[in-house]
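Report on one structure; see the data block that follows.
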């Protein structure tokens, strides 16, 4: 029988205990302890080491940026070698040049345990749901291993706080807790403890002084060796940058990291000491255009490296602004000054000291970049990133008037081409166009009225319409001069005759960046505005950017107990329910995503106990999110919401059958945007009565100028759905719904009632308007129902309603039929309309 490997062999092999004060690795056997510690470690880069006692050793993870008590913030946690239990009280300084060299603080300590029903054995499966009882970290936490790449040497995990009473916003823990739980010292005080008062107990002072001298000599040789290596590495050459694919929604899941999309010029920086070159994305050397930045990079005295970045200039409000950058470049190197506020935001590292890093994962290259620029000062910055919470970053950027975000797979390598490993999500539509002509202006002193734009499609230029706004006086003069030199007699693209009157044509060499509202049906720019010329881009490469549907990463969710029967009378299983939701996710998510939801959970099937859940209790998974909503008492509660297929399936995994949603979105809970009238017939009334009532309500709404849509509820009634443009508050929303329902019940008291009372509903249809008050919910389109036969809520065209025999005509067995129907002409645009709440 082969001998079992010593779990501390790696720990001991990495260290020279004659040089480091760390304890030698000795495994403690037959222990059932459950200590945990966190050590703040200022090594190559600052991080926090989480260590859990398991089987006589400390299982360890290096947590980038420290543990966050905010459930929306996931932190990268790189698995490291097991440490001995004696490390649990180590605090001190590991000599420079030794493995992990730097200052170590004992930042937290306490006990840990898996939550009920879980086990430490789950670590082998790539996850651990556990509770901490520390001096600082408390409550429920989750460790999840990312899917490894072939040949990857390290294990990347994510650490995340789960929802409980110990939640805080942002990085409150690491920002607030700055001293040791062992000695009360700061990092600076520990670093200054040359005698090792706390960490070197038991060491013989004289012997250790000799060891430190030996270490100093050893480290000096190491530094000299590093310098000689740096001299040998040549200044990196330009290489083609990785480009991002435009997508229509923010990707979600553990595989994605998200960064701000800066509004500037993409650049590659080749640096080695005071030798610096700045290249555009197309390989043009623009070093002389960015004098102040080049000087700042040279001052960093970097080893030979190639950095991918964005160069920006700031406007008067301190926001990156492309027009401001254009003005800086026009003034030239000699005219640039402190008011120009140029800055460089680095986001990737392609080469370092002669080593090609492009084969490393994105997240590892980013860490190497952070370490390289650790001491850099403004205007040199490392672009921040977040793991998860991409939608929140996107909303923040859009609300601030910024361009959008870039999302990257954490495990992706760097490729000099466009790929879906990097995607971009824009807040506004902005693209490059080629200028092919201009129209003469009748305004005095204005050289032209508008520019004609085109893009390359299928090997030829295609006309895209005119742009006549956004020009400064300097823009008008500069463009007029450039276009005069490029004048030609014939159009470089086919343009309809009506658009050619008074046009002067130019050779298609100039590239302009244009912001616009949308493309019209015939492909032309609508409400275009000139932002500036793109002298870093070639006209031949300007093509349309069309967002591609973004399939969420990590969308697969493992469904346990797939064979368990959830609907006992009709036989459908949990697995079949999950398959249904996976199939209809594309047509359900437009109504269910980013909306506070209440779940009907039936963990043992619909025949057993079912219950509503609207608050986040944790444990659902990484794609089931929460939003804090103010309650009547002034406090806040966390409500559930999802934004992708993975979220749907994680809810199903936890026993969810039904999804009910607010009539407002999770990012705008105080502005309702949908009104629902639920027609609930009294016992004894037939479905014909319900259908006639729904059509009458449709007609009454139409008289008020409101379009409405019909939906079978999957129960016994019909919903009449009225989409609305946000802009009114809950009081107005509820008041309109109540008065509309009451007006109908007064006009036809024999048919309708607007009162919930059972006694007043006899023989009538209750127009349930209460779905339209703050906090109420209505079943969502395509949601399954916890009813006999596994029915679903199904949208209908009004002309289809007359042929329906009941409100549960479709079930989870009809996923393909529902998908086909959703693409039909009759349901095109179902549930969406641009209309405001009228006065009543």
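Residue numbers (the UniProt record's numbering): 1 to 840. Ideal Cβ placement from N, Cα and C applies to all residues, glycine included. On a predicted model such as this, the values are computed, not experimentally measured, just so you know.
(1) Residue 57 and residue 108 - do their beta-carbons sit closer together than 8 Å?
(2) Less than 7 Å separating the Cβ of residue 193 from some heavy atom of the ligand GTP?
(3) So if DSSP puts residue 271 in a beta bridge, which residue, or which two residues, is it bridged to?
(4) Among residues of its own chain, excluding the 5 on either side of residue 727, which ones have a beta-carbon nearer than 8 Å to its beta-carbon?
(5) Rounded to the nearest angstrom, what separates residue 366 and residue 347 at their Cα positions?
(6) Starting from the Cα of residue 539, find the closest Cα among 592, 136, 436 and give me that residue.
(7) Excluding five sequence neighbours on each side, which residues of the same chain lie with their C-beta closer than 8 Å to the C-beta of residue 389?
(8) To the nearest angstrom, report how far apart residue 290 and residue 557 are at their CA atoms.
(9) Between residue 416 and residue 281, what straight-line distance do the alpha-carbon atoms span, to the nearest angstrom?
(10) Expressed to the nearest angstrom, what Euclidean distance is found between the alpha-carbon atoms of residue 59 and residue 563?
(11) Using a Cβ distance threshold of 8 Å, determine whether the stretch 584-604 contacts the stretch 83-99, with at least three qualifying pairs required.
(12) Please tell me whether residue 798 and residue 710 are closer than 8 Å, where the distance is taken between their beta carbons.
(13) Identify the continuous alpha helix (DSSP H) that holds residue 650 and give its terminal residues.
(14) Just the Cα atoms here: how many angstroms apart are residue 746 and residue 768?
(15) Assuming residue 183 contacts residue 644 (C-beta within less than 8 Å), just tell me the rounded distance between them.
(16) Look at the alpha carbon of residue 779 and the alpha carbon of residue 572, and state the distance between them as a whole number of angstroms.
(17) For the alpha helix (DSSP H) containing residue 130, name the first residue and the last one.
(18) To which residues of the same chain is residue 343 closer than 6 Å at the C-beta, ignoring the five residues directly before and after it?
(19) Give the range of the beta strand (DSSP E) segment to which residue 155 is assigned.
(20) Whole angstroms are fine: how far does the CA of residue 106 sit from the CA of residue 165?
(21) Along the beta strand (DSSP E) that carries residue 455, what are the first and last residues, could you check?
(22) When the distance is taken between beta carbons, is residue 425 closer than 8 Å to residue 404?
(23) Can you pull the DSSP bridge partners for residue 110?
(24) Excluding the 5 residues flanking residue 466 on each side, which residues of the same chain have their C-beta closer than 6 Å to its C-beta?
(25) So what's residue 200 in DSSP terms, helix, strand or just coil?
(26) What residue does the beta strand (DSSP E) around residue 642 start on, and which one ends it?
(27) From residue 27 to residue 576, what distance separates their C-alpha atoms?
(28) Using only the alpha-carbon positions, how far apart do residue 199 and residue 129 sit?
(29) How many Å lie between residue 843 and residue 481 at the Cα?
(30) Looking only at its chain, what residues have a beta carbon closer than 8 Å to the beta carbon of residue 705, apart from the 5 residues adjacent to it on each side?
(31) In whole angstroms, what is the alpha-carbon distance linking residue 718 and residue 712?
(32) Excluding the five sequence neighbours on either side, which residues of its own chain have a C-beta within less than 7 Å of the C-beta of residue 226, listed in chain order?
(33) Once you ignore the five residues that flank residue 537 on each side, which residues in its own chain have a CB closer than 7 Å to its CB?
(34) Taking the C-alpha atoms as reference points, what is the distance between residue 215 and residue 50?
(35) Whose C-alpha, out of 646, 375, 479, is nearest the C-alpha of residue 440?
(36) Just the C-alpha distance for residue 692 and residue 438, rounded to the nearest angstrom, thanks.
The answer reads as follows:
(1) The residue given as residue 108 occupies position 108 in the chain shown. The residue given as residue 57 occupies position 57 in the chain shown. No, they are not a contact pair.
(2) Annotation note on the ligand GTP: not contained in the displayed structure, which lists no ligands.
(3) On the chain shown, position 271 is the one that residue 271 refers to. The partner list for residue 271 (beta bridge, DSSP) reads 276, 305.
(4) As a working mapping, residue 727 is identified with position 727 in the chain shown. Only 671, 836, 837 meet the Cβ criterion.
(5) Taking the first residue of the chain shown as position 1, residue 366 is located at position 366. Taking the first residue of the chain shown as position 1, residue 347 is located at position 347. Their backbone Cα atoms lie some 7 Å apart in a straight line.
(6) For the purposes of this step, residue 539 is identified with residue 539 of the chain shown, where counting begins at 1. Selected option, being the one with the closest Cα: 436.
(7) For this step, residue 389 is matched to residue 389 along the chain shown. Closer than 8 Å at Cβ, skipping near neighbours: 72, 73, 74, 258.
(8) Residue numbering aside, residue 290 sits at position 290 when the chain shown is read from its first letter. Residue numbering aside, residue 557 sits at position 557 when the chain shown is read from its first letter. Going from the Cα of residue 290 to the Cα of residue 557 covers about 49 Å.
(9) Translated into the one-based positions of the chain shown, residue 416 becomes position 416. Translated into the one-based positions of the chain shown, residue 281 becomes position 281. Roughly 10 Å between the two C-alpha positions.
(10) Here residue 59 refers to the residue found at position 59 when the chain shown is read from its first residue. Here residue 563 refers to the residue found at position 563 when the chain shown is read from its first residue. Going by the C-alpha atoms only, they are around 36 Å apart.
(11) no
(12) For this step, residue 798 is matched to residue 798 along the chain shown. For this step, residue 710 is matched to residue 710 along the chain shown. For residue 798 and residue 710, yes; Cβs fall inside 8 Å.
(13) Mapped onto the chain shown, residue 650 falls at position 650. That run of the alpha helix (DSSP H) goes 645-653.
(14) The residue labelled residue 746 in the question sits at position 746 within the chain shown. The residue labelled residue 768 in the question sits at position 768 within the chain shown. Cα to Cα, the separation comes out at about 15 Å.
(15) As a working note, residue 183 is residue 183 in the chain shown. As a working note, residue 644 is residue 644 in the chain shown. Contact doesn't hold; Cβ gap of about 46 Å is too wide.
(16) Within the chain shown, the letter at position 779 stands for residue 779. Within the chain shown, the letter at position 572 stands for residue 572. So the alpha carbons of these two residues sit roughly 21 Å apart.
(17) Position 130 of the chain shown, counting from 1, holds the residue named residue 130. Looking at the DSSP string, residue 130 is not in any alpha helix (DSSP H); the run it does join, the beta strand (DSSP E), is 127-134.
(18) Reading the chain shown from its first residue, position 343 is the one you call residue 343. The residues are 312, 379.
(19) Sequence index remark: in the chain shown, residue 155 carries index 155 (1-based). Per DSSP, residue 155 belongs to the beta strand (DSSP E) from 155-161.
(20) For the purposes of this step, residue 165 is identified with residue 165 of the chain shown, where counting begins at 1. For the purposes of this step, residue 106 is identified with residue 106 of the chain shown, where counting begins at 1. For residue 165 and residue 106, the distance between alpha carbons rounds to 25 Å.
(21) Your numbering for residue 455 matches position 455 in the chain shown. 450-457 is the span of the beta strand (DSSP E), which, as asked, contains residue 455.
(22) The residue you call residue 404 lines up with position 404 of the chain shown. The residue you call residue 425 lines up with position 425 of the chain shown. In contact: residue 404 and residue 425 (Cβ atoms closer than 8 Å).
(23) In the chain shown, counting from the first residue as 1, residue 110 sits at position 110. In DSSP, residue 110 forms a bridge with 36, 134.
(24) In the chain shown, residue 466 corresponds to position 466, counting from 1. Only 450, 452 meet the Cβ criterion.
(25) Taking the first residue of the chain shown as 1, we reach residue 200 at position 200. Caution applies to residue 200, whose pLDDT of 39 falls short of 50 and renders its modelled position unreliable; the model cannot decide the point.
(26) Position 642 of the chain shown, counted from the start, is the residue given in the question as residue 642. Residues 636-642.
(27) If you number the chain shown from 1, residue 27 lands on position 27. If you number the chain shown from 1, residue 576 lands on position 576. So the alpha carbons of these two residues sit roughly 48 Å apart.
(28) Against the chain shown, residue 199 aligns to sequence position 199. Against the chain shown, residue 129 aligns to sequence position 129. With a pLDDT of only 44 at residue 199, under the threshold of 50, the placement of this residue in the model should not be trusted; the figure read from the coordinates follows. Near 32 Å, if we compare the C-alpha coordinates of residue 129 and residue 199.
(29) As shown, the chain starts at 1 and ends at 840. That puts residue 843 outside it, with no answer to give.
(30) For the purposes of this step, residue 705 is taken as the residue at position 705 of the chain shown. Counting only Cβ-Cβ distances below 8 Å, and skipping sequence neighbours, we find 835, 838.
(31) Sequence index remark: in the chain shown, residue 718 carries index 718 (1-based). Sequence index remark: in the chain shown, residue 712 carries index 712 (1-based). Approximately 5 Å between the Cα atoms of the pair.
(32) Locating residue 226 in the chain shown gives position 226, where the first residue counts as 1. Reliability of the predicted coordinates at residue 226 is poor, the pLDDT of 41 falling under 50, and the value obtained from them is presented with this limitation in mind. Same-chain partners within the cutoff: there are none.
(33) Your numbering for residue 537 matches position 537 in the chain shown. These residues qualify, in order along the chain: 282, 432, 511.
(34) Residue mapping note: residue 215 aligns to position 215 of the chain shown, counting from 1. Residue mapping note: residue 50 aligns to position 50 of the chain shown, counting from 1. The pLDDT assigned to residue 215 is 36, lower than 50, so where the model puts this residue is not dependable, and the model offers no usable value.
(35) Taking the chain shown and counting its residues from 1, one reaches residue 440 at position 440. Of the listed residues, the one whose Cα sits closest to residue 440 is 479.
(36) To locate residue 692, count along the chain shown from 1; it is residue 692. To locate residue 438, count along the chain shown from 1; it is residue 438. For residue 692 and residue 438, the distance between alpha carbons rounds to 59 Å.
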